[in-house]
Amino acid sequence: MTRPHPVHQDSGDAVTVTDLRRAYGNRTVIDALTLRIARGEFVALLGESGCGKTTLLRALAGLDPIQGGRIDAPGRPAVVFQEHRLLPWDTLWSNVALGLPPQGARERAAAALAEVGLGDRLDDWPRNLSGGQAQRVALARALVQEPELLLLDEPFAALDALTRIRMHGLVKELVARHRPGVLLVTHDVDEAIALADRILVMRSGVIAAEHHTEQAGDALGLRRLLLAELGVRAGFAA
Ligand SMILES: Nc1ncnc2c1ncn2[C@@H]1O[C@H](COP(=O)(O)OP(=O)(O)OP(=O)(O)O)[C@@H](O)[C@H]1O
1 MTRPHPVHQD SGDAVTVTDL RRAYGNRTVI DALTLRIARG EFVALLGESG CGKTTLLRAL
61 AGLDPIQGGR IDAPGRPAVV FQEHRLLPWD TLWSNVALGL PPQGARERAA AALAEVGLGD
121 RLDDWPRNLS GGQAQRVALA RALVQEPELL LLDEPFAALD ALTRIRMHGL VKELVARHRP
181 GVLLVTHDVD EAIALADRIL VMRSGVIAAE HHTEQAGDAL GLRRLLLAEL GVRAGFAA
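Residue numbers (UniProt numbering): 1 to 238.
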């Protein structure tokens, strides 16, 4: 019997962060950060290199300890990283099924792989995949866990431009169907505009600006504003 992923009908928070402080030794990287992501909401996090984006994501993922404040989330988040992190010695379905209860695991993995367009590759190996296909398996592996919160750490950054655009379409579709809250860390302003309901600009460990893409008017104006907030003067915004 195949078990399709349940669709979340309820609303509520995927994560609430209150007064978060994260430090490496004596050095505070994130200070008094407060953030709420609703279920079904897609939030993108932009910010110049070193401002603390990955530090925040890793704290939300529960991968690192925090030094102050609270992170409240209803379940365990799923994370997709820039590199696919598939186990080379496991088939695709075993990679996706990792951590699932054994009963029905193959069926659930098969359904998740079908959702990302790889339903005919269950018994294939990671080494036979393109970069885009490997990231699709990584997405399937995350979504099969039915997370309330999906954390995406530049998952499309290493892909070519066309594959990246295709992945944008796929991830939008998957998020609309499963409705986790999403936090996407990206350097790509256009990616943030294409995918997110809300865009946060981080500077030195704090949220310096916030934009609701629906209310922001035209995409070009928002792009120009975001580039200015990110301190980018060259190129289109000049
Ligand atoms: N394990 C660590 N130990 C000490 N300092 C760290 C560690 N990881 C990150 N940092 C520091 O914390 C700050 C924030 O780093 P972080 O990786 O979160 O930035 P980022 O915004 O994700 O950057 P990028 O966009 O380049 O990935 C940086 O100054 C970095 O040097």
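By construction, the Cβ of each residue, glycine as well, lies at the ideal position given by its N, Cα and C atoms.
Using only the heavy atoms of ligand 1, determine whether one of them is closer than 7 Å to the beta carbon of residue i.
i, result
"His187", "yes"
"Thr54", "yes"
"Val116", "no"
"Ser49", "yes"
"Val232", "no"
"Val29", "yes"
Between which residues of its own chain and residue i is the CB-CB distance below 8 Å, once the five residues before and five after are set aside?
i, result
"Leu230", "Leu46, Gly47, Glu48, Val189 and Val201"
"Val7", "Only weak support is given to the placement of Val7: the predicted model assigns it a pLDDT of 35, under 50, and the question is left unresolved by the model."
"Leu162", "none"
"Met1", "Low per-residue confidence applies at Met1: pLDDT is 32, beneath 50, and the placement is therefore not dependable, though the value from the model is reported in the following sentence. Closer than 8 Å at Cβ, skipping near neighbours: Gly104 and Glu107."
"Ala237", "Residue placement at Ala237 cannot be trusted, given a pLDDT of 43 that sits under 50; the coordinates are not used to answer."
"Ala140", "Val96, Ala109, Ala112, Leu113, Glu115, Val116 and Leu118"
"Gln9", "Here the model assigns Gln9 a pLDDT of 40, short of 50, so the residue's position is not dependable, and the following value carries that caveat. Excluding residues within five positions, none has a Cβ falling inside 8 Å."
Output the boundary residues of the alpha helix (DSSP H) element that contains residue i.
i, result
"Ala142", "Gly131 to Leu143"
"Ile66", "Where Ile66 is concerned, there is no enclosing alpha helix (DSSP H), given that its DSSP letter is neither H nor E."
"His168", "Ala161 to His178"
"Gly221", "Ala219 to Glu229"
"Arg27", "First-last for Arg27: Arg27 to Ala38, but that is the beta strand (DSSP E), not the alpha helix (DSSP H)."
"Asp190", "Val189 to Leu195"
Residue i lies in the beta strand (DSSP E); which residues open and close that run?
i, result
"Leu46", "Phe42 to Gly47"
"Ala23", "Asp13 to Tyr24"
"Ala209", "Val206 to His212"
"Gly52", "Note, Gly52: premise wrong, no beta strand (DSSP E); not H, not E."
"Val185", "Gly181 to Val185"
"Val232", "Looking at the DSSP string, Val232 is not in any beta strand (DSSP E), and its letter there is neither H nor E."
Have a look at the options and flag the residue whose alpha-carbon is nearest the alpha-carbon of residue i.
i, options, result
"Arg198", "Leu183, Arg141 and Arg166", "Leu183"
"Val116", "Asp64, Arg27, Val175 and Ala23", "Val175"
"Phe42", "Glu148, Ile165 and Ile30", "Glu148"
"Val29", "Val206, Leu150, Leu118 and Arg76", "Val206"
"Gly12", "Ala112, Ala142, Gly40 and Glu191", "Gly40"
"Ala23", "Gly52, Thr34, Val185 and Leu170", "Gly52"
"Val185", "Gly50, Ala14, Gln215 and Leu92", "Gly50"
"residue 241", "Val79, Pro101 and Pro65", "As displayed, the chain neither begins before 1 nor continues past 238, which places residue 241 out of reach and without an answer."
"Gly217", "Gly99, Ile193, Ala157 and Glu154", "Ile193"
"Ala114", "Gly221, Trp93 and Trp89", "Trp93"
"Leu132", "Arg164, Trp125 and Leu151", "Looking at the sequence provided, one finds Gly at residue 132 rather than Leu. Ranking the options by Cα distance to Gly132, first place goes to Arg164."
"Phe156", "Leu57, Glu83, Leu60 and Ala14", "Glu83"
"Leu159", "Leu100, Leu150, Arg27 and Ala134", "Ala134"
"Ala142", "Pro126, Asp124, Leu195 and Val171", "Val171"
"Asp123", "Pro88, Asp64 and Val232", "Pro88"
"Ser130", "Ala196, Gly99 and Leu86", "Leu86"
"Leu151", "Leu63, Asn26 and Gln215", "Leu63"
Identify, in the order they occur along the chain, each residue of the same chain with its Cβ nearer than 6 Å to the Cβ of residue i, setting aside the five sequence neighbours on each side.
i, result
"Thr16", "Arg36 and Asp72"
"Asp31", "Arg21 and Gly205"
"Phe81", "Asp153"
For residue i, which residues in the same chain have their Cβ closer than 7 Å to its Cβ, ignoring the five residues on either side in sequence?
i, result
"Ala61", "Pro77, Val79 and Leu151"
Could you tell me whether any non-hydrogen atom of ligand 3 is closer than 7 Å to the CB of residue i?
i, result
"Val144", "Ligand 3 is not among the ligands present in this structure, which contains only ligand 1."
### Segments of 3+ residues assigned as beta strand (DSSP E) that fall wholly inside the region 68-128
68-72 and 78-80
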